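Undergrad: Got a structure for you, written out below as structure tokens; questions coming shortly.
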Amino acid sequence: MEIMLRMIRNVRGDYSRIPLHLMHSEAKMAGVPFGELRAHSSESELPQDLTALLPKFESLLRDPSHEINLSNSELNLIRQRYTHYSAHYNDYQTSLAGVPAQISLFRNLRPNVPETDRAIYPNRNL
Numbered sequence: 001m002e003i004m005l006r007m008i009r010n011v012r013g014d015y016s017r018i019p020l021h022l023m024h025s026e027a028k029m030a031g032v033p034f035g036e037l038r039a040h041s042s043e044s045e046l047p048q049d050l051t052a053l054l055p056k057f058e059s060l061l062r063d064p065s066h067e068i069n070l071s072n073s074e075l076n077l078i079r080q081r082y083t084h085y086s087a088h089y090n091d092y093q094t095s096l097a098g099v100p101a102q103i104s105l106f107r108n109l110r111p112n113v114p115e116t117d118r119a120i121y122p123n124r125n126l
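Under the working numbering, read the sequence shown as residues 1 to 126, first letter to last.
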């Protein structure tokens, strides 16, 4: 038996606008002569669900030691709408008697394990 998980969703790039707003704000505080971000521009406007999160991130500009505490619903919102899931593989790593060791499980338990006989081509400057 093989079980496969498949995610079908649209990932929106609007989350990247939070760092845009933070960098713009930080630059203006440092004296960079920027104008205001256009409030109703599709390139810089935050969606309403992210607008509520912006003050939490802005608190880092005022106090870098401040820790952002997002609720589970806020984290789920970011994960489900704004971040990409990548099926990359990281082997289980542990230490046995102080020596680093990797644990490899059956292929069916780790579907993202790269094939052992795959071709790897070197990067070349063209």
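Ideal Cβ placement from N, Cα and C applies to all residues, glycine included.
This one's a predicted model, so the numbers in the text were calculated from it and none came from an experiment.
When burial is assigned at 16 or more other CB atoms within 10 Å of the CB, is I68 buried or exposed?
TA: In the sequence shown, the residue the question calls residue 68 occupies position 68. By the neighbour-count rule (16 or more Cβ atoms within 10 Å), I68 is not buried but exposed.
Undergrad: Kindly list the residues whose CB is nearer than 8 Å to the CB of D49, restricted to its own chain and excluding five residues on each side of it in sequence; keep chain order.
TA: On the sequence shown, residue 49 is found 49 positions in, with the first residue counted as 1. L77 and R81, listed in sequence order.
Undergrad: Please report the residue range of the alpha helix (DSSP H) in which R81 lies.
TA: As a position in the sequence shown, residue 81 is number 81, starting the count at 1. Counting along the chain, the alpha helix (DSSP H) containing R81 begins and ends at N72 to R81.
Undergrad: Can you check whether the CB of R12 is closer than 7 Å to the CB of L46?
TA: By 1-based counting over the sequence shown, the position of residue 46 is 46. By 1-based counting over the sequence shown, the position of residue 12 is 12. Not a contact, by the Cβ cut-off of 7 Å.
Undergrad: Among residues of its own chain, excluding the 5 on either side of Y15, which ones have a beta-carbon nearer than 6 Å to its beta-carbon?
TA: The count along the sequence shown starts at 1 and reaches residue 15 at position 15. Contacts found: Y82.
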